Every structure is written in C-alpha cells, then in structure tokens.
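*Asks:* With our numbering applied, the sequence shown closes on residue 470, and no number is skipped along the way. Every residue gets a Cβ at the ideal spot worked out from N, C-alpha and C, and that includes glycine. As the structure is a computational prediction, the values presented were derived from the model and not from experiment. Sending over a structure as structure tokens; questions will come in a sec.
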Amino acid sequence: MLLESLISLIYFLLISFPSNINCLISSNHHKHHPPTSLFIFGDSILDVGNNNYINTSTLDQANFWPYGVTFFHHPTGRFSDGRVISDFIAERANLPSIPPYLQPGKWRFYDGVNFASAGGGALVGTFKGYVIDLHMQVKHYKTVEKWLKNKLGNVKAKTKLERSVYLFSIGTNDYMSLFLTNSSTHLTHNKSQYVSMVINNITSVVNEIYKTGGRKFGFLNLPPVGCFPALRMLNPQGNDECQTEVSSYIKLHNKAISIALKDLAKDLPGFKFALFDYYTSTLQRVNHPSKFGYKEGKTACCGTGRFRGVSSCGGRRPVKEYELCKNINDHIFWDSLHYTEKASKQITDEMWSNINYIHGSYTIKDLFHLPS
C-alpha cells in the first residue's frame with residue numbers, strides 16, 4: 099500500500115510539474131553549454147586584459163590606476179574607466195563576462211573567449227613585439243577549437259562553433275602606426291595597396307575560422323581616429339580639426355571591408371555578417387556631443403597636452419604628468435585613444451538596436467538569434 103502511494107505521488111509530481119523539471123534541465127544545460135558562444139578578436143576597443151600577461155610597454159597596457167575607476171573600482175587591463183564594448187555585447191547576449199584568453203587559471207571555453215590585444219593589428223608588423231597580432235589571435239582560437247573537440251567530441255564541437263558569434267574590431271592600429279611611429283611602409287606602398295594588405299589579412303583569418311565551422315561574423319568598421327585626441331593633437335597649434343591624412347586611410351578601409359564582406363557572403367555558403375558603422379556612430383558624438391549627453395567631444399578625460407592627447411593617463415608611461423577630469427561622464431574619450439564606459443555603452447546600445455548598420459548586413463543581435 100505504501101509503495102503504491104509513493105508511486106502515485108511520483109506520477110502526480112511528474113505530470114503536474116514537467117515544465118519546472120524541463121526548465122531546471124535547460125537552465126543547467128545552458129549554464130555549462132550555451133547555444134551561442136562569443137569569440138572576440140581585435141584591439142583595445144574589445145580587449146579585456148590580454149596585454150596584462152605579455153611582455154610589452156605600458157603604452158599597450160592599462161593595468162594601473164585610474165583605469166577601471168568607474169565600474170570595477172580597480173584596473174583590469176581594459177582601456178577605459180570601466181567596461182568596453184565586448185563586455186556590453188556579452189551582457190546583451192545573456193552571456194557571462196568573457197575572459198581574456200591569456201588570463202591564468204583553469205578556464206572553460208564553452209561561453210567563448212576574448213583574444214583581443216590592445217595595439218594589435220591585422221598586419222603582423224604592426225607594433226611587432228609589443229602586441230598580439232590577428233594571426234596569433236587566430237592561432238589561440240585554434241587551440242580553443244582543439245579544447246572544445248576534446249571536451250565535446252568533433253561533431254558537437256563543430257556544431258557549437260557553427261552557432262557561435264565571431265566579433266571583430268581590427269585595423270585601426272595598422273593605420274595609426276603609420277603616423278605614431280617611424281614606419282616607412284607608406285613610402286613603399288600607396289594608400290590603396292596598403293589598405294588591400296590589411297583587408298586581405300582580415301579576410302584570410304575569416305576564411306580560417308570559416309573552415310573550422312564559423313558562420314556568423316560581427317564587424318565594427320573603423321572609427322574616425324583622426325578625430326581622437328592623440329591624432330587631433332598632431333595638427334599645428336591653432337588647428338583644432340580632425341587629422342585628415344589618417345582619416346583618408348580609414349575611409350578607404352571602411353569602403354573596402356564592406357565590399358570584402360559582401361564578397362565573402364557570395365562565396366562562402368552559410369556565411370553571415372553584421373557590419374556596424376562605428377565611424378558614423380563615433381563621429382555623431384564628436385560633432386554633436388550635447389545631443390548624446392556630453393559636454394566635451396574633443397578633449398579626453400585623462401592625459402595631458404592639447405586635448406589631453408598625450409598618452410600619459412596613470413603616470414606609468416614615458417610621460418608621467420597627467421590630468422584627470424572631474425566628471426568622466428562629460429567626456430566621450432577616456433584617454434587619448436579610447437572611450438569612456440558611457441560612450442561604449444551608448445554605442446553598444448546602437449549595435450543592439452539596428453542603428454548605424456551598413457546596408458545589406460545583419461545586426462549583431464541578429465547573429466545571436468540566427469541558426470547556424
């Protein structure tokens with residue numbers, strides 16, 4: 099009798115609460131193996147601290163005060179007072195914080211991983227020896243691919259990689275390096291040739307990831323770096339305009355990457371891309387700061403010199419003197435080359451809301467909801 103009562107009770111619970119049981123199973127499953135992972139490649143716009151763990155210059159590191167002052171309340175290696183775009187993308191996608199690949203510890207890569215390196219470029223020679231270039235980043239990715247195959251088996255690992263989103267912000271340093279170093283590359287290549295080199299390196303990496311199963315690629319085109327404090331400062335005294343020479347490279351690049359991605363979509367079955375117009379999004383804020391809740395669109399919060407365009411924030415770089423603004427949220431730029439958390443969040447909100455996308459592309463949000 100007791101046994102029959104127990105069986106009846108179990109049966110009642112099963113038919114009465116199946117949805118709860120399924121929710122628990124689903125919750126546990128997604129906790130460990132989310133359907134969409136995020137793999138991040140690029141430069142300081144997306145880097146969350148990889149350069150903390152390489153032998154490099156403090157110019158390419160942000161692991162000292164006052165970086166991180168706003169959100170984390172301590173430096174993390176992010177080139178911001180707080181979070182950066184990759185943090186907000188992960189948050190919007192309901193993923194946990196995506197860790198830097200080089201961070202020590204026993205990491206599980208089911209959610210994805212961040213390979214981005216501040217100062218990194220598409221070209222191996224860009225700031226060589228100080229950063230992790232794009233080709234090295236994809237080598238790290240292939241190590242993670244092997245890890246996933248070992249943990250999940252080849253079939254499930256490939257399915258996961260097909261469902262994953264691959265986020266890129268790369269190329270800015272390839273052009274800035276022409277003006278911030280003694281590079282002679284621009285003497286041996288005209289602008290179109292140089293831009294083609296950068297684009298070809300990017301598409302080469304995309305093809306490598308595609309061969310592993312990657313199908314959904316999100317890109318930010320390049321921002322108007324000629325309007326950033328570090329480049330604006332290079333103009334003669336009295337000229338407060340954006341630096342035009344580097345801007346001409348950026349415009350050529352942005353036109354070329356749009357064409358290249360559309361060509362890849364034609365050539366590669368299942369290839370899907372989102373191309374966010376980062377250039378326009380930034381320029382709107384620089385030209386009309388008050389419209390977006392800022393008081394200052396030209397001068398950085400942290401640094402020294404004209405527009406605080408000298409990269410001295412924190413006093414740990416070659417120039418030790420620096421100033422820190424009173425109200426960070428009044429500024430678009432945190433330091434001479436990077437955004438405040440407020441600006442990064444606003445830009446991510448646009449990325450998630452189908453604002454400022456290149457015609458013909460998906461949105462980043464779309465990629466997370468599309469089937470592989």
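Kindly indicate which three-state DSSP category Pro327 falls into: helix, strand or coil?
*Replies:* Pro327 falls in the helix class under three-state DSSP.
*Asks:* Quick one: any contact between the segment 131-151 and the segment 203-218, if contact means 3 or more CB pairs under 8 Å?
*Replies:* Touching, yes, given that three or more Cβ pairs across the two stretches are closer than 8 Å.
*Asks:* To the nearest angstrom, report how far apart Asn385 and Pro202 are at their CA atoms.
*Replies:* Going from the Cα of Asn385 to the Cα of Pro202 covers about 42 Å.
*Asks:* Under the rule that 16 or more other beta-carbon atoms within 10 Å means buried, what is His130, buried or exposed?
*Replies:* Because His130 carries a pLDDT of 45, less than 50, the predicted location of this residue cannot be relied on, and no value is offered for it.
*Asks:* Going by alpha carbons, who is nearest to Lys314 out of Leu157, Tyr151, Asn153, Pro469?
*Replies:* The shortest Cα separation from Lys314 among Leu157, Tyr151, Asn153, Pro469 belongs to Pro469.
*Asks:* By the DSSP assignment, the alpha helix (DSSP H) with Tyr308 in it spans what residues?
*Replies:* Taken as a continuous stretch (DSSP letters only), the alpha helix (DSSP H) holding Tyr308 covers 289-310.
*Asks:* Note down, one range per segment and in chain order, each beta strand (DSSP E) of at least 3 residues found wholly within the segment 173-233.
*Replies:* Here the runs fully enclosed are 210-212.
*Asks:* For the beta strand (DSSP E) containing Leu62, name the first residue and the last one.
*Replies:* Residue 62 is absent from the structure shown; the chain starts at 99 and stops at 470.
*Asks:* Would you decide whether Leu318 is buried or exposed? Buried here means 16 or more other CB atoms lie within 10 Å of its CB.
*Replies:* Burial call: buried.
*Asks:* Measuring alpha carbon to alpha carbon, tell me which residue in Lys349, Arg414, Ile152 is nearest Ser290.
*Replies:* Nearest option by C-alpha distance: Lys349.
*Asks:* Are Ala328 and Leu422 close, meaning C-beta to C-beta below 8 Å?
*Replies:* No.
*Asks:* Using the three-state DSSP reduction, which class does Thr378 fall into: helix, strand or coil?
*Replies:* Looking at Thr378 - three-state DSSP - the assignment turns out to be helix.
*Asks:* DSSP puts Phe266 in a beta bridge; with which residues?
*Replies:* BP columns for Phe266 point to Phe139, Phe317.
*Asks:* Beta-carbon within less than 6 Å of Asn271's beta-carbon, same chain only, minus the 5 sequence neighbours each way: which residues are those?
*Replies:* Asp141, Gly217, Gly219, Thr224, listed in sequence order.
*Asks:* Can you give me the Cβ contacts of Glu439 inside the same chain, cut-off strictly under 7 Å, excluding the 5 residues immediately before and after it?
*Replies:* Closer than 7 Å at the Cβ level, and outside the excluded window around Glu439, lie Thr168, Phe169, Ser178, Asp179, Gly180, Arg181.
*Asks:* Closest to Gly407 by CA distance: which of Thr378, Arg414, Ala398, Arg415 is it?
*Replies:* Of the listed residues, the one whose Cα sits closest to Gly407 is Ala398.
*Asks:* Evaluate contact between the segment 236-248 and the segment 280-300, counting only Cβ atoms and requiring at least three cross-stretch pairs below 8 Å.
*Replies:* No: the two stretches stay apart, fewer than three of their Cβ pairs being nearer than 8 Å.
*Asks:* Could you check what DSSP says for Leu66 in three-state terms: helix, strand or coil?
*Replies:* Residue numbering for the chain in the displayed model covers 99 to 470; residue 66 lies beyond these limits and cannot be assessed.
*Asks:* Alpha carbon to alpha carbon, how far is Lys370 from Asn126? Give it in angstroms, no decimals.
*Replies:* Note that Asn126 has pLDDT 37, beneath the 50 cutoff, so the model's placement of it is unreliable and the number below is only indicative. Answer to the nearest angstrom: the Cα atoms are 29 Å apart.
*Asks:* Please classify Ala441: does DSSP put it in a helix, a strand, or coil?
*Replies:* Looking at Ala441 - three-state DSSP - the assignment turns out to be helix.
*Asks:* Can you tell me the Cα-Cα spacing of Tyr308 and Ser388, whole angstroms?
*Replies:* Answer to the nearest angstrom: the Cα atoms are 42 Å apart.
*Asks:* Please classify Ser409 as buried or exposed, where buried requires at least 16 neighbouring CB atoms within 10 angstroms.
*Replies:* By the neighbour-count rule (16 or more Cβ atoms within 10 Å), Ser409 is buried.
*Asks:* Quick check on Lys370: does DSSP put it in helix, strand or coil?
*Replies:* Note: Lys370 maps to strand in three-state DSSP.
*Asks:* Among the residues of its own chain, which have a CB less than 6 Å from the CB of Ile430, if the five just before and after it don't count?
*Replies:* Within the same chain, Ile430 has close Cβ partners Arg383, Tyr392, Gly395, Ala441.
*Asks:* Consult DSSP for His171 and reduce its assignment to one of helix, strand or coil.
*Replies:* His171: coil per DSSP, three-state reduction.
*Asks:* If I measure Cβ to Cβ from Phe155 and keep anything under 7 Å in the same chain, skipping five residues before and after, which residues do I get?
*Replies:* The residue you asked about is not Phe; residue 155 is Ser in the sequence shown. Closer than 7 Å at Cβ, skipping near neighbours: Tyr228.
*Asks:* Taking a contact to mean a Cβ-Cβ separation below 8 Å, would you say Cys325 touches Leu381 in this structure?
*Replies:* Yes. Within cutoff.
*Asks:* Glu419 by DSSP, collapsed to three states: which one?
*Replies:* Glu419 falls in the coil class under three-state DSSP.
*Asks:* Name, in chain order, the residues that DSSP records as bridge partners for Glu339.
*Replies:* According to DSSP, Glu339 bridges with nothing at all.
*Asks:* Between the C-alpha atoms of Ala358 and Asp231, what's the straight-line distance to the nearest angstrom?
*Replies:* For Ala358 and Asp231, the distance between alpha carbons rounds to 20 Å.
*Asks:* Could you pull out every residue in the same chain whose Cβ sits closer than 6 Å to the Cβ of Trp450, ignoring the five residues on either side in sequence?
*Replies:* Cβ within range, chain order: Arg190, Lys463.
*Asks:* With 16 other CB atoms within 10 Å as the buried threshold, where does Lys226 fall?
*Replies:* Flag for Lys226 reads exposed.
*Asks:* Met234 and Val344: beta carbons closer than 8 Å?
*Replies:* No, the pair does not count as a contact, with Cβ atoms beyond the cut-off.
*Asks:* Within a Cβ cutoff of 7 Å, which residues of the same chain sit near Leu122, ignoring the five residues on either side of it in sequence?
*Replies:* With a pLDDT of 32 at Leu122, under the threshold of 50, the modelled position of that residue is not reliable, and no figure is offered here.
*Asks:* Quick test of your reading: Phe266 and Arg330, contact by CB under 8 Å. State the CB separation rounded to the nearest angstrom.
*Replies:* Contact flag wrong, Cβ pair sits at about 26 Å.
*Asks:* What is the rounded straight-line gap between the Cα of Asn452 and the Cα of Gly269?
*Replies:* Straight-line Cα distance between these residues: approximately 23 Å.
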